[in-house]
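Residue numbering for the first sequence follows our numbering, beginning at 37 and increasing consecutively.
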Amino acid sequence: MSVFSFKVVKELGQARLGELHTPCGTIDTPAFVPVGTQATVKAVSIDDLQKLKIQVVLANTYHLYLRPGVETIECLGGLHKMMNWNGPMMTDSGGYQVFSLGWAIEHGVGKVVNFLADDSREEEELKRQITVKTKSIIPRQKLCVVDDEKATFISHVDGSLHVWTPEKSIEIQGKLGADLIFAMDECTSPIHDSDYTRNSMYRTHLWEERSLVKFRKLHNKFQEIYGVVQGGPFEDLRIESAKFVADNHFFGNGIGGAMVTKSKMLEVLDWIMSILPADRPSHLLGIGGIDDILNTVGYGIDTYDCAFPTRLARRGGLLMLPEDGGKLLNRWTLNVVREEFKNDNSPLSQNCECELCSGGYSKGYLHHLYWAKELLIFRLTTIHNLYVMEKLMSEIREGIAENKLEKVKRKWLG
RNA sequence: GCUGGGGUGGCGGAGCGGACAAUCGCACCAGACUGUAAAUCUGGCGCCUCACGGCUACCCAGGUUCGAAUCCUGGCCCCAGCA
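What follows is the structure, given as structure tokens:
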């Protein structure tokens with residue numbers, strides 16, 4: 037029997053409570069996966085992560101390949117040992133960097149387009165907005181170009197050129213040694229049209245086949261691989277891509293790519309989740325807004341990774357529990373950077389039990405730490421935001437277990 | 001006292017006759033952030049106005065000029081070197 041397995045413990049509608057078994061431990065799902073791109077969740081220690089009951093972290097293959105380099109990581113005993121994390125781990129394939137270092141720079145957009153993200157406008161209006169936006173973009177030097185064979189990166193570290201292929205990604209992911217790895221894909225831009233997205237999707241499928249071939253050749257029993265569904269916001273493409281992932285022998289279903297808007301994301305999940313094998317774990321790549329998670333667990337998503345909560349923390353954005361006034365309207369965020377907190381002697385929360393909130397730190401002090409660029413702010417706020425994310429996930433799990441997921445959703449979404 | 005240099009928006013510091021409400025930093029204010037080029041990025045930042053636009057400004061007082069932060073005269077102040 038494989039050391040890997042995924043067991044659905046309980047279903048509530050399409051939402052499910054699961055156990056994702058890996059050689060490094062079991063992940064209770066639904067779970068949030070903090071992002072530790074460079075083999076560290078920025079600003080916090082492994083001890084911090086363990087106290088926060090973080091179950092699994094995700095690192096980035098491309099970043100680690102550039103620095104410190106694969107050989108060094110092997111010298112240091114592999115990714116787990118190097119970063120002193122003995123729990124389950126994921127690595128991304130580098131496919132997202134085709135977008136973030138390529139299309140995102142060229143198109144001047146994020147994956148969920150900020151100028152479209154807040155509502156569900158008419159299709160025509162969306163297209164018009166995209167056209168307007170596209171015309172206003174100032175071209176900048178992108179750091180990745182892509183063709184069917186490969187992605188070619190200009191290193192953001194030193195400007196050197198790097199050819200990136202599915203085989204290379206899988207080989208390196210094998211050497212890094214994360215438990216759960218991803219097939220190489222191309223993440224497209226929200227601004228790409230259906231023609232580009234279609235061609236890109238076929239390219240991704242070829243890359244995923246190549247990833248699988250390489251992965252099987254490695255005969256590594258201590259890793260499992262996820263496929264990735266692409267297809268942008270287009271129904272026919274998403275369905276075709278979901279079928280592709282379903283038909284290939286992946287351990288898990290990854291769902292990636294341009295969601296364009298929050299409401300489109302739900303449509304996408306609606307199209308694909310019934311196609312993807314339900315006995316596999318499903319991972320929604322790069323999504324981790326509180327509303328996004330609450331709105332998508334009901335489609336059967338098991339794991340989420342996202343840089344947002346930890347990045348937000350470093351910018352002074354503190355996620356707020358519903359008990360402390362966190363709601364959709366304020367994006368569950370309190371920004372201690374703002375002047376109104378300068379002389380605020382009150383603690384952030386009476387309900388949160390994280391190190392920041394239980395440690396007697398006032399909002400005014402956090403405001404000061406931020407502006408004084410004191411490093412403590414990063415650790416405290418990151419711990420807090422991860423605590424809130426974990427609280428959210430544990431309440432979701434409890435909600436599914438006790439048939440009260442709707443109540444949990446109402447509590448958080450308001 | 002002599003010689004030389006200088007006084008510009010909260011600060012530092014450009015500009016040296018029109019394109020200057022004044023480059024650029026810093027500081028400050030606001031917004032963004034979703035598989036982390038991210039302790040980052042984008043705006044704003046004299047006064048009035050949602051805006052078009054208007055008003056007051058480059059130590060002070062005069063002057064030259066169609067036009068002055070920029071040139072001239074006088075004053076006040078600062079810095080460096082020499083006595």
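Here a beta-carbon is modelled for each residue, glycine too, at the ideal position from N, C-alpha and C.
Using a 10 angstroms sphere on the CB of Ser196, the tally of other CB atoms stays under 16, which defines it as exposed.
Proximity to Val281 across Lys300, Gly105 and Met237 peaks at Met237, based on C-alpha coordinates. Ranking Gln177, Val265 and Glu207 by CA distance to the CA of Ser136 puts Gln177 first. A distance below 8 Å separates the beta carbons of Tyr340 and Val69.
Between the beta-carbon of Leu384 and that of Leu354 there is about 6 Å, and that keeps the pair under the 8 Å contact cut. Secondary structure note for Thr62: its beta strand (DSSP E) is the uninterrupted segment Gly61 to Thr65. Cβ contact annotation for Gly49 (same chain, cutoff 7 Å, sequence separation greater than five): Gly334, in chain order. The residues Ala79, Val80, Thr346 and Ala349, in chain order, have a CB closer than 6 Å to that of Thr418 in the same chain once the five nearest residues on each side in sequence are set aside.
For Glu438, there is no enclosing alpha helix (DSSP H), as DSSP gives it neither H nor E.
Residues Gln74, Ala75, Ile109 and Leu212 of the same chain have their beta carbon placed closer than 7 Å to that of Leu100, with the five preceding and five following residues left out of the count. Nearest C-alpha to Lys363 among Gly325, Phe218, Tyr397 and Gly210: Gly325.
Comparing alpha-carbon positions, the option among Tyr397, Gly435 and Glu359 lying closest to Val372 turns out to be Tyr397. Leu305 sits in a helix when the DSSP states are folded into three classes. Close CB contacts of Leu56 within its chain, under the 6 Å cut and outside five residues either way in sequence, are with Phe42, Ile63, Thr65 and Pro317 (chain order). Excluding residues up to 5 positions away in sequence, Leu441, Lys443 and Val444 lie with their Cβ nearer than 7 Å to the Cβ of Gly435 in the same chain.
Contiguous beta strand (DSSP E) elements confined to the region 200-264 occur at 216-218, taking only those with 3 or more residues.
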